[in-house]
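Counting from 35, one number per residue, gives the positions in the sequence shown under the working numbering.
Virtual Cβ for every residue (Gly too), placed ideally from N, Cα, C.
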Amino acid sequence: MLASRRLWKHPQFIVLISGQWVSQVGNALFLMGVSWFILSTTHNRTDLGYVLGTAGIAGLMGIVSGVFADRWNHRRTLVLTDWLRAVLSVSLVALFWFHDLHLVLLAVILFLLNLLETLFNAAEMAYLPEVTGQDLYPEANSVNQSSSALSQLVGLGTGGWLLALGGPSLLFLLNGISFGVSALSLLITRPNTRSMQYVSSHHRIREDLIEGLQIIWQSAFLRRLIPLTIAINFVLTPISIMDVAWVRQILHRGAVSYGFFSVAFLIGVIVGSFFASSLHKNWEMSKTIMGSFVVLGTAFVSMTLYPRLWASLLCLLLAGITVGIINTLLSTQIVLMTAPEVRGRIGGIVSTGMSMATPLGEIFVGWASGVLGLIWLFRLAGLLIMALASGFIGLPTPQPLEIDPSSHRDLSP
């Protein structure tokens, strides 16, 4: 509780988290605007998948973005990427009004936005503990995770009304403005601790990347964690892309009920993220994560046993709580165990590895839903998650991830 009071009295953190929250609301609105524009222009869901899938490939570049995040000043990198994303978002507004916004051009701009996002995320992972300090970081990351879910909730709640008011161009404009607000908030903040970036004239990008991979491989904790999370992310795909089908084909409900689905899950994520910092202090991490995955799998299976709207919403609320706990605990642990000068690389590599499972899962789920049906697809997903939870038994104790100082010549603040 003392840490919480100190955190909320931390002016630098309040400014930073407020700016990021505005930016994340803008992102949620932007995605709604993009989807609406594509479907209203082409009336083809295949085009929607093509554009978003092409843009999503940029997420795999996080493995390289982390190298640059470690080389460059974190705060300047965050500010620059926000300004560039603001320019790209506003350019979409101009192209829209001049009737020059074609799908290929939209896909290119979305790819660039996602590419900049990978760099931003890697730099933010390193910058947040610099602002709050190591002692307040678990609380700060918990608030950050909850803030992200809350921003999506606000975006969902206001996006439809704003879309009806001004069309996709208004959402594009608001996203650009939100990036500007984020950049200004970052300009105001100052790190509490001074980080040191390694500047190496003889190290190439490939060598820095290999060095990051070697650091991860030497960690027994990450060698166990990463394959498990990749497998679980793969199994989790049904709830992320088949929720619409569940509402329409299993529950026989409409758009309002589908909106409740998203709201229930996001509220759960907010609650779970807030509780995660307390669990981090009082419970053993491996048991907490294992128990959370068991509850998550049980929620999936329970949805299939009693397919009613209220039961599905309750299960999604529980699933959201467990996801909030898991994401916050794991991201906090990875940052705390990683030396500041390699946080960008480690974060980029870990997030890229985990995100690789999603497109593979989407392909598999599209096929499996036709073969198994939605009931058995969700049921098997839940059972597999519970089985994979056993992989966290005896999870190795996290050890510090540090760089070999002898491999670098210069240090730069």
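Considering only the alpha carbon of each residue, which of the options lies closest to residue i?
i: Gly-306; options: Arg-109, Phe-294, Ser-326 and Glu-318; result: Ser-326
i: Gln-58; options: Ser-69, Ile-91, Arg-282 and Asn-155; result: Asn-155
i: Tyr-171; options: Gly-404, Trp-410, Phe-47 and Ile-409; result: Phe-47
i: Ala-217; options: Gln-54, Ala-310 and Asn-267; result: Gln-54
i: His-108; options: Ala-157, Leu-137, Val-68 and Leu-147; result: Ala-157
i: Leu-262; options: Leu-118, Ala-310, Phe-426 and Ser-69; result: Phe-426
i: Val-297; options: Arg-342, Gln-252 and Gly-191; result: Gly-191
i: Met-388; options: Leu-259, Gln-168 and Thr-338; result: Leu-259
i: Asp-81; options: Ser-99, His-136 and Asn-209; result: His-136
i: Leu-147; options: Leu-429, Ser-403 and Met-95; result: Met-95
i: Cys-349; options: Val-303, Arg-257, Trp-401 and Thr-372; result: Val-303
i: Ile-284; options: Arg-342, Ala-415 and Thr-356; result: Arg-342
i: Met-337; options: Ala-415, Lys-321 and Ser-311; result: Ala-415
i: Lys-321; options: Leu-364, Phe-145 and Leu-63; result: Leu-364
i: Ser-123; options: Asp-169, Asn-61 and Ser-69; result: Asn-61
i: Ile-250; options: Ser-181, Val-281 and Thr-372; result: Thr-372
i: Met-390; options: Leu-73, Trp-70, Gly-90 and Phe-295; result: Gly-90
i: Gly-293; options: Gln-186, Val-121 and Gly-167; result: Gln-186
i: Ile-383; options: Ser-403, Gly-358, Val-281 and Glu-245; result: Glu-245
i: Ser-403; options: Val-85, Leu-370, Ala-279 and Arg-238; result: Ala-279
i: Thr-366; options: Asp-169, Thr-75 and Phe-145; result: Asp-169
i: Arg-240; options: Trp-317, Ser-99, Val-405 and Trp-401; result: Ser-99
i: Thr-115; options: Thr-88, Gly-167 and Val-215; result: Val-215
Between the alpha carbons of residue i and residue j, how many angstroms are there, rounded?
i: Gly-381; j: Asp-104; result: 10 Å
i: Ala-174; j: Arg-110; result: 21 Å
i: Ser-424; j: Met-324; result: 7 Å
i: Ser-52; j: Ala-128; result: 28 Å
i: Pro-45; j: Ser-176; result: 17 Å
i: Leu-207; j: Ser-125; result: 9 Å
i: Leu-247; j: Ala-345; result: 43 Å
i: Leu-153; j: Met-66; result: 23 Å
i: Val-138; j: Tyr-340; result: 44 Å
i: Val-101; j: His-77; result: 40 Å
i: Arg-12; j: Asp-277; result: No statement about residue 12 is possible, as the shown extent of the chain runs from 35 to 447 and does not include it.
i: Thr-431; j: Gln-252; result: 13 Å
i: Leu-347; j: Gly-193; result: 22 Å
i: Ala-183; j: Ile-360; result: 14 Å
i: Val-165; j: Leu-220; result: 11 Å
i: Ser-235; j: Leu-243; result: Its pLDDT being 44, under 50, Ser-235 is placed unreliably in this model, and the coordinates cannot settle the point.
i: Ser-483; j: Gln-179; result: Residue 483 lies beyond the residue range present for the chain, which begins at 35 and ends at 447; the question has no answer from this structure.
i: Ile-97; j: Leu-140; result: 24 Å
i: Trp-195; j: Phe-308; result: 29 Å
i: Ile-409; j: Gly-189; result: 30 Å
i: Leu-435; j: Val-290; result: 47 Å
i: Phe-398; j: Ile-222; result: 46 Å
i: Leu-352; j: Leu-41; result: 27 Å
i: Ile-368; j: Thr-362; result: 10 Å
i: Ala-142; j: Val-68; result: Before going on, a small fix: residue 142 reads as Val here, not Ala. Each residue's Cα considered, the two are about 13 Å apart.
i: Ile-264; j: Leu-270; result: 10 Å
i: Arg-287; j: Thr-356; result: 26 Å
i: Leu-73; j: Leu-86; result: 12 Å
i: Ser-312; j: Gly-358; result: 13 Å
i: Thr-75; j: Trp-317; result: 52 Å
i: Gln-433; j: Leu-370; result: 10 Å
i: Arg-282; j: Phe-295; result: 12 Å
i: Asp-134; j: Arg-238; result: 40 Å
i: Phe-145; j: Asn-267; result: 22 Å
Give me the Cβ distance between residue i and residue j, rounded to the nearest whole Å; I'm assuming they're in contact under 8 Å.
i: Val-49; j: Ser-212; result: Going by Cβ atoms, the distance from Val-49 to Ser-212 rounds to 15 Å, so no, they are not a contact pair.
i: Gly-354; j: Leu-411; result: Actually they do not touch by this definition, with Cβ atoms about 20 Å apart.
i: Leu-429; j: Phe-255; result: 7 Å
i: Ala-198; j: Leu-149; result: Actually they do not touch by this definition, with Cβ atoms about 31 Å apart.
i: Phe-64; j: Asn-209; result: 4 Å
Please confirm if residue i has its CB atom under 8 Å from at least one CB of chain B.
i: Leu-146; result: Judged by its chain identifiers, the structure shown contains no chain B, having just a single protein chain.
- Message: Measuring CB atoms only, is the region 319–338 touching the region 419–426, in the sense that at least three cross pairs come out at less than 8 Å?
- Response: yes
- Message: Extract the residue ranges of the beta strand (DSSP E) inside the region 116–183, only unbroken runs of 3 or more that lie entirely within it.
- Response: none
- At least 3 beta-carbon pairs within less than 8 Å: the region 201–216 vs the region 121–136: yes
- Query: Is there contact here, the region 157–168 with the region 373–380, by at least three beta-carbon pairs under 8 Å?
  - Reply: yes
- Entirely within the region 290–366 and at least 4 residues each: give me those alpha helix (DSSP H) ranges in chain order. 319–339
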